[in-house]
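One structure below.
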Amino acid sequence: MTLSHAEFQALAARLKPNGKAFIDGTFCEAADGSVFETVNPATGQVLAAVAHCKAADVDRAVAAARRVFNAGTWSRAEPEERKEVLLKVARLVRENAHELAVLESLDTGKTISDCLDEIGGDVPNFFQWYAELADKTFGKIAPTGPGAMALITKEPAGVAGAVLPWNFPLVMAAWKIAPSLAVGCSAVIKPAEQTPLSTIRLAELMQQAGVPDGVINIVPGFGETAGKAIGLHNDIDTVSFTGSTEVGRMFMRYSGDSNLKGVGLEMGGKSPFIVLEDARLTDDLIEHAAMSAFWNGGQNCSANMRQLIAAPLVEEFTGRILDRVKAFQLGDPLDPETDIGSMITRDHKDMVMNYIQSGMDDGAQMIAGGDSDLPGYFIAPTVFQNVTPDMKIAREEIFGPVLGIMPMKSAEEALTVASDTDYGLHATVFTQDIDRALHMARSLPCGTVSVNGFSEGDIKTPFGGYKQSGSLARDNGTEALEQYLQTKTIWVQTAVG
Ligand code: NAD
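Residue numbers (this note's numbering): 186 to 682.
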């Protein structure tokens, strides 16, 4: 059931967002009592005063997480018990999906339809999928001679930290919380300072579902304060970070400067959308091309901003993309008809507008989009043609609604240009030739290659980046569990063969 614009507005008016930290089962202020405001970027309205957690609060959260981990209440509980509780979290998220989606839309400027897709579908599905894995993950027995039995067992890593970005707040929280709790870790989570509200509301639902005190802790705050304190904490065993490559590097350093905790990094991208000469320019292809660049207003790590199009197809492709772009509706994120919402902050809008200016200065032609005069931080879906690989807009992550068309003479040129980047998160390839599709997929140095459609895969498939888009860690799939597990060998000498 989807609500109308007026019903979503009414729901928004009734919300009373909780801005407290959640430490050891209690919603609380920061130790020093300080707060920061979180605002609706589409309107500038202040939504809540949020506890501004710092190192002292992270210490309290980690102490609680460690205490409960050592007590074994959750970490050594029967896997079926953890499964039941996490299944209940999934149920509660589904039951509260409309309210959570409105909260997310207000805090991010994302469209309500995207928020509902994520919170009515993806988020509870993550909890359900990892809950179901809790009692289906086995160890191994190594081959030995008759004098020994060698068990290879997996144990929860301990206290897991997670530091999250603002572009998919609750999805990212679920990506980290569901697998870490399923295997028995306790967790300390820092949502992005721009978007803490849905993660705090999730903590309320997790408590209602029966997650024991101290197993999940939420410490809202800024990178320099709460984020850094997590990275440098000597009693956090593993940290999972999603955000920019610049900050990801810091987490490697934090680990080296503290207790050598495990570090899982999911970072930026500059992903190509490749259309080879034999591809048919169907409506489906055009839809995928547009959505790959403009979904979530382009504020997406796997956005396929660089569109590498076989030269003979460029003219028709460009015309049809322009038609599609005209149909995008920009505006009130709470209107179910809206396709593209607001940029997250004024600073972020300014940064994207600077990239748009640099595209024009470097000689690319802007044929659609640019600034919007709507109040809030809106940018119209922007299309550049004649983008060349050396331009700044072709090299750096823009993280906004910008699509650049780059004509390619051959598949090999597309492969060379696509690979010539420090990033390696995602690529899309369109071709009717299965051999060329597999050649491209095997050759592209990135974590996900999507063939004949733009997709990041789903919960069952690992997601993460090559090169400076990620560490070797992956989110999603059974691979995500590895971020939160230790491997132990138990070698048993046996007297009788
Ligand atoms: P960001 O790196 O600025 O912030 C991410 C998180 O790190 C926030 O919680 C922030 O408070 C924290 N942080 C900032 N400075 C810190 C510091 N000095 N020490 C510790 N923590 C610090 O990124 P962002 O602006 O929130 O998100 C956008 C970026 O995230 C983009 O580059 C995007 O590509 C990337 N991203 C990647 C994925 C993925 O899965 N690969 C998914 C979403 C977003």
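Where a beta carbon is used, it is the ideal one built from N, C-alpha and C, also for glycine. Please read all numbers here as calculations on a predicted model, not as lab measurements.
Three-state secondary structure assigned by DSSP to residue i
i: residue 213; result: strand
i: residue 609; result: coil
i: residue 553; result: strand
i: residue 444; result: coil
i: residue 309; result: helix
i: residue 465; result: coil
i: residue 268; result: helix
i: residue 491; result: strand
i: residue 232; result: strand
i: residue 201; result: coil
Opening and closing residue of the beta strand (DSSP E) in which residue i lies
i: residue 253; result: Element bounds for residue 253: not the beta strand (DSSP E) but the alpha helix (DSSP H), 240-256.
i: residue 347; result: 344-348
i: residue 541; result: Element bounds for residue 541: not the beta strand (DSSP E) but the alpha helix (DSSP H), 531-546.
i: residue 635; result: 633-636
i: residue 593; result: 587-593
i: residue 388; result: Not the beta strand (DSSP E): residue 388 falls in the alpha helix (DSSP H), residues 382-394.
i: residue 675; result: 670-678
i: residue 564; result: 564-570
i: residue 298; result: Residue 298 -> not in any beta strand (DSSP E); alpha helix (DSSP H) instead, spanning 297-302.
Cut-off 6 Å between Cβ atoms - residues of its own chain near residue i, not counting five sequence neighbours on either side
i: residue 664; result: 647
i: residue 301; result: 286
i: residue 455; result: 582, 606, 608
i: residue 520; result: 190
i: residue 547; result: 576
Status (buried if at least 16 other CB within 10 Å, exposed otherwise) for residue i
i: residue 582; result: buried
i: residue 231; result: exposed
i: residue 319; result: buried
i: residue 354; result: buried
i: residue 275; result: buried
i: residue 335; result: exposed
i: residue 655; result: buried
i: residue 677; result: exposed
i: residue 438; result: exposed
i: residue 375; result: buried
i: residue 444; result: exposed
i: residue 369; result: buried
Straight-line Cα distance separating residue j from residue i
i: residue 514; j: residue 486; result: 22 Å
i: residue 511; j: residue 540; result: 21 Å
i: residue 337; j: residue 343; result: 18 Å
i: residue 260; j: residue 587; result: 45 Å
i: residue 314; j: residue 244; result: 31 Å
i: residue 326; j: residue 216; result: 48 Å
i: residue 403; j: residue 537; result: 30 Å
i: residue 516; j: residue 549; result: 27 Å
i: residue 398; j: residue 256; result: 12 Å
i: residue 472; j: residue 570; result: 18 Å
i: residue 590; j: residue 651; result: 24 Å
i: residue 558; j: residue 468; result: 30 Å
i: residue 601; j: residue 595; result: 10 Å
i: residue 497; j: residue 532; result: 39 Å
i: residue 350; j: residue 280; result: 25 Å
First through last residue of the alpha helix (DSSP H) which encompasses residue i
i: residue 625; result: 619-628
i: residue 170; result: Since the first residue shown for the chain is 186 and the last is 682, residue 170 is missing from the structure and cannot be characterised.
i: residue 416; result: 413-417
i: residue 603; result: 596-604
i: residue 287; result: 282-293
i: residue 507; result: 499-511
Nonlocal neighbours in the same chain, by C-beta distance under 7 Å from residue i, ignoring five residues either side
i: residue 636; result: 614, 622, 626
i: residue 386; result: 203, 285, 288
i: residue 299; result: 481
i: residue 246; result: 208, 373, 402, 404
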